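Residue numbers (our numbering): 18 to 279.
Right, one structure below, let's go through it.
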Amino acid sequence: MMAYKWLLFDLDGTLLDFHKAEYLCMEATLKSFGFRADDEVLHAYRLINESYWKMLERGEISQEALALARHRSLFERFGFCGDVEAFQQHYEGMLSESSYLFDGARELLDQLRDRDGVHLAIVTNGFARIQERRIALAGLDTYFEWVFISEQVGYRKPQVEFFDHVFREICGDNREDGAGAGFTSNWKNDKPQRVPSESHSDLAICKYHSLIIGDSLTSDIKGGADFGIATCWFNPDGLANTTGVRVDHEIRTLDDIHQLVG
């Protein structure tokens, strides 16, 4: 079995429990605005939000438009009256302060960080102001050499252009003179990276030894497969793959990643 050296982790649904954060933040926001905050409303919002992110993946809506449209749809669905923009800002402010690691995530990252020749990146669709804060709150900024957020990259998973940008950075083809092999503009603190023992100049070799790990077949796995890198579907609930997207590896727990790492 291939021993992978460049590991690209999705964030929400893979390392962080987004559904927990979403539920608690939406519940608190609804109550703050005097709206119903029962399970019917909360479940409806989850489905509405997911539908808009799927639209984003398909290029049917911009990320900027998505931010407000999902909340406007919730208001229309339940007849809520009020300032949708204020509601959105309140919710996003709470979400940016909510970060819940999945069981085993920190232990896995502790071990991977100490593995020679293994390099870690986050690849996430989302809003930079929210994702950066949640990454920092979870203490993930100490583990990852690169963080790529769709809003900053200008493309999104599963677009090939998103992955092309990622690999130009991590494989060293986009370094400015004098920057050295250890920095990327995609991490807010320009955190220095460890310099790998392998040459980063060969994109083909870098891709060959890379693995994307994520819970979304249509975003993470499709994007990785379309770009030509190996894929690992994090599928803790044992769902069936009905999408036709190629999956190279499938895991139930994060600890299963160890068997794939060089």
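Positions of the beta carbon are idealized from the N, C-alpha and C atoms, including for glycine.
Keep in mind the model is a prediction, meaning the values are calculated, not measured.
Do residue j and residue i come within 9 Å of each other at the CB atom, strictly closer than that value?
i, j, result
"L112", "D34", "no"
"V183", "F165", "yes"
"K224", "G245", "yes"
"A54", "L47", "yes"
"E109", "I152", "no"
"G96", "F50", "no"
"G121", "D272", "yes"
"D237", "P175", "yes"
"A155", "I187", "no"
"W70", "L85", "no"
"I274", "L157", "no"
"A242", "M19", "no"
At what residues does the alpha helix (DSSP H) containing residue i begin and finish?
i, result
"V164", "That residue, V164, is in no alpha helix (DSSP H); its beta strand (DSSP E) goes W163 to I166."
"V140", "V140 -> not in any alpha helix (DSSP H); beta strand (DSSP E) instead, spanning H136 to T141."
"L64", "D56 to E74"
"Y160", "Element bounds for Y160: n/a, residue is neither H nor E."
"A84", "Q80 to F95"
"C223", "L220 to Y225"
"R263", "That residue, R263, is in no alpha helix (DSSP H); it is neither H nor E in DSSP."
"I187", "V177 to I187"
Which whole-angstrom value is the C-beta distance of residue i and residue j, which I expect to be below 8 Å?
i, j, result
"V140", "D219", "Contact doesn't hold; Cβ gap of about 21 Å is too wide."
"L228", "L32", "Between L32 and L228 the Cβ distance is about 15 Å, and since that is not below 8 Å, they are no contact."
"E168", "Q80", "6 Å"
"S115", "A38", "4 Å"
"R173", "E74", "7 Å"
By alpha-carbon positions, which one of the options ends up nearest to residue i?
i, options, result
"G231", "F244, D265 and W250", "W250"
"N258", "H275, T270 and S233", "S233"
"G76", "E267, E178 and Y62", "E178"
"Q106", "H88, V262 and I274", "H88"
Can you tell me where the beta strand (DSSP E) with residue i in it begins and where it stops?
i, result
"I268", "H266 to I268"
"C249", "A247 to F251"
"L25", "W23 to F26"
Provide the residue(s) that pair with residue i in DSSP beta bridges, ordered along the chain.
i, result
"G231", "W250"
"L118", "L33"
"V170", "Answer is none; V170 lacks a bridge partner."
"V278", "Y21"
Does the distance between the C-beta of residue i and the nearest non-hydrogen atom of the ligand ZN fall short of 8 Å?
i, result
"H36", "Looking at this structure, you won't find the ligand ZN or any other ligand, since it has none at all."
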